[in-house]
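One structure is given below, encoded as structure tokens.
Written out as structure tokens, the structure reads:
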């Protein structure tokens, strides 16, 4: 069988793209995943979803993604809640930074607002606000379950005719400047279009074709506690440290914070992370040192120099597309990126100007896009 589209990568980007292609009427879509669905970065993320960025591209694409998250939740039953984001400021310079962020948000219709410490207690009753100067609240933001989202998109797209193959793609086949398919563990699959959505490994697949992706694998760590009753609704960010915490749908507290790391293809868990994340969050959640930590893990951010993804056509190779370099925001962008890639494949053009600004060409032309709010 000659596929209309082959997708390399079974994370949120791959399954969302497959879903939107099937919705457009594509009948021969094949997704390749070398391990299990979500095994790359998707199942290691916190599940946060927001449009409270500072670049036009991020804000407008994420406003659309939030619409799609709501729609997918209603139609597919994905666990999703518009539970907010809360940015905590304990220093005057943090307050000034949040004022700048909020001014940009409001220009684009993302109505973030400041909260006094006593207001914060309404959405985060377990938070110790004694050192809080103020907070920025984003009511449009929320969270979704990465496991449920991938599973529901997989089941629905498979019912729509998408085929999933659990084997590794070794090479992308190109002839005469046109993509011809992929070579995987079981042989060759011919394809009219190929979408590479393999996270940090996208770079390795494209390098033999002479395509250089400015993407680095940056290790990021997370930990999760035992279950609790309601502690806080929004995903919370400590602006001073860049740490984040979110209470999952089942009551666990998932926490992350950056520690010094070098780009690495084989990161490991670090004790330095666990001590730091507990130290940071104990200032806001005093009961945390007595909590049972169930497990820790490490995953990747695939990071670009301007913290924006690389989307769309790849260089001069016809019918080859890429989606990578999300810099920690791939899960939340999954639906809108899937929709944009489906448009690119179907019509040769993205749905929006903002997606069109994120092609690989911007690095070749020196058109990097500034993003200030890259946390969480």
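Residue numbers (our numbering): 5 to 380.
Cβ atoms here follow ideal geometry from the backbone N, Cα and C, with glycine treated the same way.
Item: Same chain, Cβ closer than 6 Å to residue 380, neighbours up to 5 away in sequence not counted; Value: Per-residue confidence for residue 380 stands at a pLDDT of 49, beneath the threshold of 50, marking its modelled position as unreliable; the derived number appears in the next sentence. Only 52, 241, 248 meet the Cβ criterion.
Item: Per-residue burial, residue 57 [other beta carbons within 10 Å of its own, 16 or more giving buried]; Value: buried
Item: Beta-bridge partners of residue 142, as assigned by DSSP; Value: 89
Item: Reference residue 24, options 345, 299, 109, closest by Cα; Value: 345
Item: Uninterrupted alpha helix (DSSP H) stretches inside the region 133-180 (no shorter than 4 residues); Value: 150-163
Item: At least 3 beta-carbon pairs within less than 8 Å: the region 308-327 vs the region 25-37; Value: no
Item: Residue from 8, 7, 46 with nearest C-alpha to residue 18; Value: 46
Item: Between the CA atoms of residue 340 and residue 204 - distance to the nearest angstrom; Value: 20 Å
Item: Residue 20 - containing alpha helix (DSSP H), residue span; Value: 16-27
Item: Three-state class that DSSP yields for residue 228 in the structure shown; Value: strand
Item: Backbone secondary structure at residue 237 - three-state DSSP; Value: coil
Item: 6 Å Cβ shell around residue 146 - same chain, five flanking residues per side excluded; Value: 53, 85, 86, 87
Item: Backbone secondary structure at residue 201 - three-state DSSP; Value: coil
Item: Inter-residue spacing [alpha-carbon to alpha-carbon] between residue 182 and residue 73; Value: 34 Å
Item: Expected contact under 8 Å - CB spacing of residue 286 and residue 292 to nearest Å; Value: 5 Å
Item: Candidates 156, 92, 308, 151, of which the one nearest residue 50 by Cα; Value: 151
Item: Closest by C-alpha distance to residue 258, when choosing among 299, 245, 223; Value: 299
Item: Whole alpha helix (DSSP H) elements within the region 49-81, 4-residue minimum; Value: 60-80
Item: C-alpha distance - residue 377 paired with residue 334, whole-angstrom precision; Value: 15 Å
Item: C-alpha distance - residue 33 paired with residue 236, whole-angstrom precision; Value: 41 Å
Item: Sequence-distant residues of the same chain with beta carbon closer than 7 Å to residue 76, five excluded per side; Value: 82, 339
Item: Top-ranked residue by Cα proximity to residue 38, from 124, 370, 171, 360; Value: 171
Item: Limits of the beta strand (DSSP E) - the one that residue 119 falls within; Value: 117-119
Item: Counterpart residues of residue 256 in DSSP-defined beta bridges; Value: 231
Item: Own chain partners of residue 135 with C-beta closer than 6 Å, once the 5 adjacent residues on each side are dropped; Value: 94
Item: Which of helix, strand or coil DSSP assigns to residue 328; Value: strand
Item: Assigned secondary structure, residue 298 (DSSP; H/G/I helix, E/B strand, else coil); Value: strand
Item: Residues near residue 321 in its chain [Cβ-Cβ closer than 8 Å; skip 5 each side]; Value: 178, 181, 182, 183, 213, 215
Item: Start and end residues, beta strand (DSSP E) containing residue 11; Value: 7-12
Item: Rounded Cβ spacing between residue 64 and residue 141 (contact assumed at less than 8 Å); Value: That belief does not hold up - the Cβ atoms of residue 64 and residue 141 are roughly 21 Å apart, past 8 Å.
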